[in-house]
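Under the UniProt record's numbering, think of the first position of the sequence shown as 1, with each following residue one higher.
We treat Cβ as the ideally placed atom computed from N, Cα and C, and that holds for glycine.
From a predicted model like this one, the values you see are computed outputs, not experimental measurements.
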Amino acid sequence: MVEQPNRFGEELRRRRLAAGLTLTQLAGLVHYSKGQLSKVERGLKPPSRELATHCDAKLDAKGALTALARASLPGTEAEAAETSTGDEEVWLMQLSPDGQSWFRTVGRRQVVVAGAASMAAMSIGRPGASSTADGERFLEASRSLFDEYRRLGQTGSPGFLMPALIAQTHVLRELSAHAGSRVRRDLLKMGSRYAEYVGWLAQEAGDERAALWWTRRAVELAAAGGDGDLAAYGLVRRALVTLYRGEAEQTVELARRAQSGTVPPRIHGLAAQREAQGHALAGDYDASMRGLDRARTLLARHTPDAGSPVIGSTNLPDSVAMVTGWCLHDLGRCREAAEILDAQLAQVPSHATRTQVRYGVRRALAYAAAGEIDHACELAERLLGDAIIVSSATVGADLRSLARTLARHPRNPAVRSLAPRLATALHVIAP
């Protein structure tokens, strides 16, 4: 673990000297102290991803410094097994008034062995016979409800919404077993969209394992309903998990797999967009921008289907522009990132609180990394209340980065004023 930081330090020093910069000058450009940079150059301290990204951008290293820093970080835990056991047929959910609700799957064999009395205290009955008309009416209602659930997901904690969505997924799955072939396919496809949404909320709640399980379940339900396209979007969703883990290569690989074969333009475009984020994480500016250009072309070809929910976010008027701001931050071009995020956040609907907080915190982080500490604190201050309400683990990741960046300016009055509230928000969101 010592050898790799030394390699980074040696390369950083070589490039700094080649650029004709002193330690003090580089420290001013990346907004780190001269002492911190000195320790990194001498191998006494490993580089953070943020420092490596900023140095890479200022020294035009084209991802070389970012790659060296990434190699020095400890590996992440391997992803949970992807295959289903085939015995996960019974769903159990406990709803608790103290916030300790849970969901788990139990094999049907386990239920038989344990006995019905030990597994359930109250029966809610079996579904009665249903007609095609019944299935169609329920399908139509479920489609309308889905849009409302997405709106609710923008304004509250994931834990409040997930039980209702899980129950709705179960009902669609169960009703499909009693419907005619055409309606059965549509019910399963609708159930897959609910399951995919549960997976996203699980990630927002900080449970990667559940997020991946529900994503797999969504792909299985869609395939059973004759929709093979959601498998590609499942890869895009998995790539979002690896993106937040900081795994650039895995993110790019998953996003590229999602683009293989014939997939609808929207899914293809979202996959290209995710690939661009992976390249940005790796410090590859050119590859990231190419991915974004490709994403814009593909997304423009999408033809909306009023009968099906939109795949991906519905709250970004220009998702490619917003993600461009995201990528530029990861590439160390923080002032450019902040300006783009400024323009794009002004177009996000006021009801989309989660989206406002998600990208608003990233904007504050971009301004802080660009050295505009007072403005970063002002932006963050406005967001902390809503950040606590939506309780997003992904937002929490950027809030932690913001806290680390601001901690380098302990004498700044704005930082000192914000620190108590920021600490409280982090304790609530990411205890």
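- For the 9 Å CB-CB criterion, residue 411 and residue 309 do not form a contact.
- Note on geometry: alpha-carbon atoms of residue 53 and residue 288 lie some 14 Å from one another.
- Bounds of the alpha helix (DSSP H) holding residue 37 are 34–41.
- Between the alpha carbons of residue 320 and residue 346 lies a gap of roughly 15 Å.
- In this structure, residue 150 lies near residue 197, with their beta-carbon atoms less than 9 Å apart.
- Three or more Cβ pairs drawn from the segment 359–367 and the segment 337–345 lie within less than 8 Å of each other, which places the two stretches in contact.
- Between residue 224 and residue 193, the C-beta gap is not smaller than 9 Å, which leaves the two residues out of contact.
- Judged by DSSP in its simplified three-state form, residue 407 adopts coil rather than helix or strand.
- Just so you know, the alpha carbons of residue 297 and residue 421 end up roughly 42 Å apart.
- Per DSSP, reduced to three states, the secondary structure at residue 315 is coil, with no helix or strand assignment.
- Three or more Cβ pairs closer than 8 Å define a contact, and the segment 248–259 falls short of that threshold against the segment 35–46.
- The Cβ atoms of residue 332 and residue 269 do not sit closer than 9 Å to each other.
- If you compare the alpha carbons of 248, 300, 160, 263 with that of residue 275, the shortest gap goes to 248.
- Residue 301: not part of any alpha helix (DSSP H); DSSP gives it neither H nor E.
- Counting only the Cα atoms, residue 368 lies some 13 Å from residue 336.
- For residue 380, the closest alpha carbon among the candidates 327, 27, 399 is that of 399.
- In this model, residue 63 and residue 57 are separated by some 8 Å (Cα to Cα).
- By the C-beta density criterion, residue 177 is exposed, having fewer than 16 other C-beta atoms within 10 angstroms.
- For residue 22, the three-state secondary structure derived from DSSP is coil.
- In this structure, the alpha-carbon of residue 92 lies about 11 Å from that of residue 163.
- Just measuring C-alpha positions, the residue of 244, 30, 348, 295 sitting nearest residue 207 is 244.
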